[in-house]
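One structure is given below, encoded as structure tokens.
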Amino acid sequence: MGNVKKTIVIGLDGLAPEIVEPLLASGGLPGMARLGDQGGFARLQTTSPAQTPVAWSTFATGLNPGGHGIFDFIRRDPRTYLPQLAFSRYEQKSPLLPPKAVNLRRGEAIWEHLGRRGIPSVVLRCPCTYPPDRVRGRLLSGMGVPDLRGGLGTSTMYRGGNGSGNGNNDGQRDQHAERNVVRVEADADGTFRTALLGPLSPKDRAPARFDVAIELNRQARTAVIRSTGAPKALEIREGRWSDWLRVKFKTGPLQSVRGMVRFYLARVEPEMELYASPLNFTPETPLFPISSPPEYARELANQIGTFYTTGMVEDHDALKDGHVDEEAFLDQCDQAWRDREAMMLYELDRLDEGFFFCLFDTPDRVQHMFWRFREPDHPANRQGFRPGFERVVEEQYRRCDAVVRKVFDYVDDETLLVVLSDHGFNSFRRGVHLNTWLHDRGYLALEPGVRPDEEAGDLFRHVDWSRTQAYALGLGGIYLNLAGREQQGVVSPEEAQTVRDALIEQLAGLVDPQTGGVAVRSVMPRETIYRGPYVDEAPDLLVHFALHAFAGGYRGSWTTALGGLGRGHFEDNTARWAGDHIVDPALVPGVLLMNRPFRTKSPRLEDLAPTLLQSLGVPPAPAMEGGDLAS
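For the sequence shown, the tail end lands on 1958 under my numbering, and the numbers increase by one without skipping.
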């Protein structure tokens, strides 16, 4: 491929070749077609599992997950069996010292290798870069940046009636995972007084509060939020998003934490419904660093305006829970896209040399939430099919193509341009209750009298570990309850292979009696997939789900993901999150296009890091597993 002066990489999360290819053939993606004509187009082999944080970590490091340590969105604590975020953790060596964020992605990224050779990089929103890697250049962290409460998307829906209250109107909170619903009643003057809930106290885990008053004008169909924040009076129209409200939580005698939030006024009557987004770090004063150098986030905000800082920008949970509608979600996605494009263009305007990467996450989120409109008979449409959204997914692909066309303005003869997606996409119609299957096969035991249904709860609440050999957590991983590793492990090292072999034999080829289709294509031991120093942190077994034209895609159920046991072995996926990619990775490859000829036969994500380093004259690190696609 030869050395170039600058390398530009545009990540388009979740673009599927099954959609890209016909659009290319029909002339619907002229930018990508131009790129393919100059160099080539290929389907790109993704990681196992085909998940965003896993795949982009492999892109960045040139290592399989066993080399960088990211295997899922969540990982389990073998001492408690409870899920933890897989991206980062917080360490506090002394009560007198502030906590420190630690990035759990290991392995060195492309930009770290380049920096040692004196080559600058600009990296915008790559997953698993929180806290930020040190770069020679600039980096803004992506997926993994938490909200102000420490989650990946802790939002709040305020619902208010017309009665009079007593002024103490926090109401009852119905907490479901990270999604809160707060009931409030109006005071005698018609004002709703409540609070935003902020960071949790390390002493008693109580959230800090920021008081707000909500005044409705039903005739004008507006609301005004009054507070000590900025602005002090924030007006919102029904069916619209607000501007940002900047707030400050008092967390100690001389301590405070700043954040920012947007609101969506869903309706003013018959009762008020006001949605508050997750609390974002402010770019100027984040609770923990989100950029390298630390002042870079402030620079971006000064140049392009205030932008979302959380790692999961699009509020998909709000749509999934029915707190906002499809139009509101797309409006928010549009703003996130505009933010990202403004960042990209600001940096490309001053890019003279080195490495540039920018990720657009929105295509992935839109496909998760709008895939159901491509399939009117999808189980998610049983509560009603709203026409008008059937082409939303294809419109996202065209918007991606418009970005590619804009990037061409910054490409010359000494520029390598790469466009890729980390995985593909397809339908998610049926969930598999892996823990229930394990229970019914005798591998997982519940306390006496507890059955696999809602009564069992999540987080393994009623599991009898003294009689449990295996359990499932995350979106396709099974762990052995191994003696000496798990806190209450019962499977001896000598028995482990026998248990694994039995699980593989019994679960692989699992048939769904409702559809007659095979739900599980294969079950793979971790050592057959992964290599490297962190293989021991992976699930013991990886379940590769099937995809059928007649039955749609299978996936681990929502209940399984957080350690629950559903009723039966299968369930229809009726959630608005109706598209997915956690199937056998061979079924959901990504796409790869370059403006220089490259090896288009069976390229892998592991090949990108060595290829990009070589383009800038830097030899790949010995640990990198892929090869230069130009050779």
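Even for Gly, the Cβ is constructed at its ideal location relative to N, Cα and C.
Query: Span of the alpha helix (DSSP H), counted from its first residue to its last, around Lys1420; Result: Here Lys1420 belongs to no alpha helix (DSSP H), and DSSP marks it neither H nor E.
Query: Sequence-distant residues of its chain with Cβ nearer than 7 Å to Gly1954 (five each side left out); Result: Asp1934, Pro1937
Query: Extent of the continuous beta strand (DSSP E) run through His1643; Result: Here His1643 belongs to no beta strand (DSSP E); instead the alpha helix (DSSP H) covers 1643 to 1647.
Query: Where the beta strand (DSSP E) containing Met1851 begins and where it ends; Result: 1847 to 1852
Query: Euclidean distance between Cα positions of Thr1507 and Asp1652; Result: The amino acid occupying residue 1507 in the given sequence is Asn; Thr does not appear at that position. Each residue's alpha carbon lies about 17 Å from the other.
Query: Sequence-distant residues of its chain with Cβ nearer than 7 Å to Cys1373 (five each side left out); Result: For the record, residue 1373 in the displayed sequence is Thr; it is not Cys. These residues qualify, in order along the chain: Ala1382, Asp1749, His1750, Pro1912, Val1915, Pro1916, Gly1917, Leu1932.
Query: Environment of Ala1352 [buried if 16+ CB atoms lie within 10 Å]; Result: exposed
Query: In DSSP terms, what Cys1685 is bridged to; Result: Ile1337, Leu1451
Query: Rounded separation between Leu1592 and Arg1443 - CA only; Result: 50 Å
Query: With 16 other Cβ atoms within 10 Å as the buried cut-off, status of Leu1424; Result: exposed
Query: Contacts around Gly1844, its chain only, beta-carbon distance under 6 Å, and the 5 residues preceding and following it disregarded; Result: His1875, Ala1878
Query: Short Cβ contact (8 Å threshold) for Asn1922 with Val1730; Result: no
Query: CB contact below 8 Å: Trp1764 versus chain B; Result: Within the model displayed, chain B is absent; a lone protein chain is all it includes.
Query: Residue nearest to Ala1970 in terms of C-alpha spacing, selected from Arg1536, Gly1389, Arg1756; Result: There is no way to answer for residue 1970, as the model of the chain reaches only from 1328 to 1958.
Query: Between the CA atoms of Ala1436 and Ser1448 - distance to the nearest angstrom; Result: 11 Å
Query: Nearest candidate by alpha-carbon position, reference Gln1941, set Pro1349, Ala1413, His1440, Val1551; Result: His1440
Query: C-beta atoms of Pro1405 and Gln1814 nearer than 8 Å; Result: yes
Query: Own chain, CB closer than 8 Å to Arg1794, minus 5 neighbours either side, in chain order; Result: Ala1772, Val1817
Query: Residues near Ala1669 by beta carbon distance below 6 Å, same chain, minus five either side; Result: Ile1631
Query: Pick from His1760, Glu1722, Phe1683, Asn1607 that is closest to Leu1743, judged by C-alpha positions; Result: Phe1683
Query: Tyr1602 - partner residues in DSSP beta bridges; Result: Met1484, Tyr1591
Query: Segment limits, alpha helix (DSSP H) that includes Leu1939; Result: 1935 to 1942
Query: Ser1528, buried or exposed, once every other Cβ within 10 Å from all chains shown has been counted against 16; Result: exposed
Query: Extent of the continuous beta strand (DSSP E) run through Phe1519; Result: 1518 to 1527
Query: Among Asp1644, Tyr1861, Gly1464, nearest to Cys1660 - alpha-carbon criterion; Result: Asp1644
Query: Cutoff 6 Å; reference Val1450; Cβ partners in own chain excluding five residues on either side; Result: Trp1438, Leu1466, Phe1684
Query: Per DSSP, cross-strand counterpart(s) of Tyr1881; Result: Arg1757
Query: Per-residue DSSP class, three states only, for Ser1375; Result: coil
Query: Three CB pairs or more closer than 8 Å across the segment 1824 to 1838 and the segment 1356 to 1365; Result: no
Query: Sufficient close CB pairs (3 or more, under 8 Å) joining the segment 1472 to 1482 to the segment 1509 to 1519; Result: no
Query: Length of the line joining the Cα atoms of Val1347 and Glu1821; Result: 49 Å
Query: Beta bridge counterpart(s) of Pro1706 as assigned by DSSP; Result: Answer by DSSP bridge pairing: none, since Pro1706 is not bridged.
Query: Nearest residue (CA-CA) to Ile1337, options Leu1939, Arg1756, Ala1948, Asp1907; Result: Leu1939
Query: N-terminal and C-terminal residue of the alpha helix (DSSP H) that Leu1362 is part of; Result: 1357 to 1365
Query: Cut-off 6 Å between Cβ atoms - residues of its own chain near Val1850, not counting five sequence neighbours on either side; Result: Ile1831, Leu1834, Ala1835, Leu1868, Val1870
Query: Cβ neighbour criterion (16 or more within 10 Å) applied to Thr1521; Result: buried
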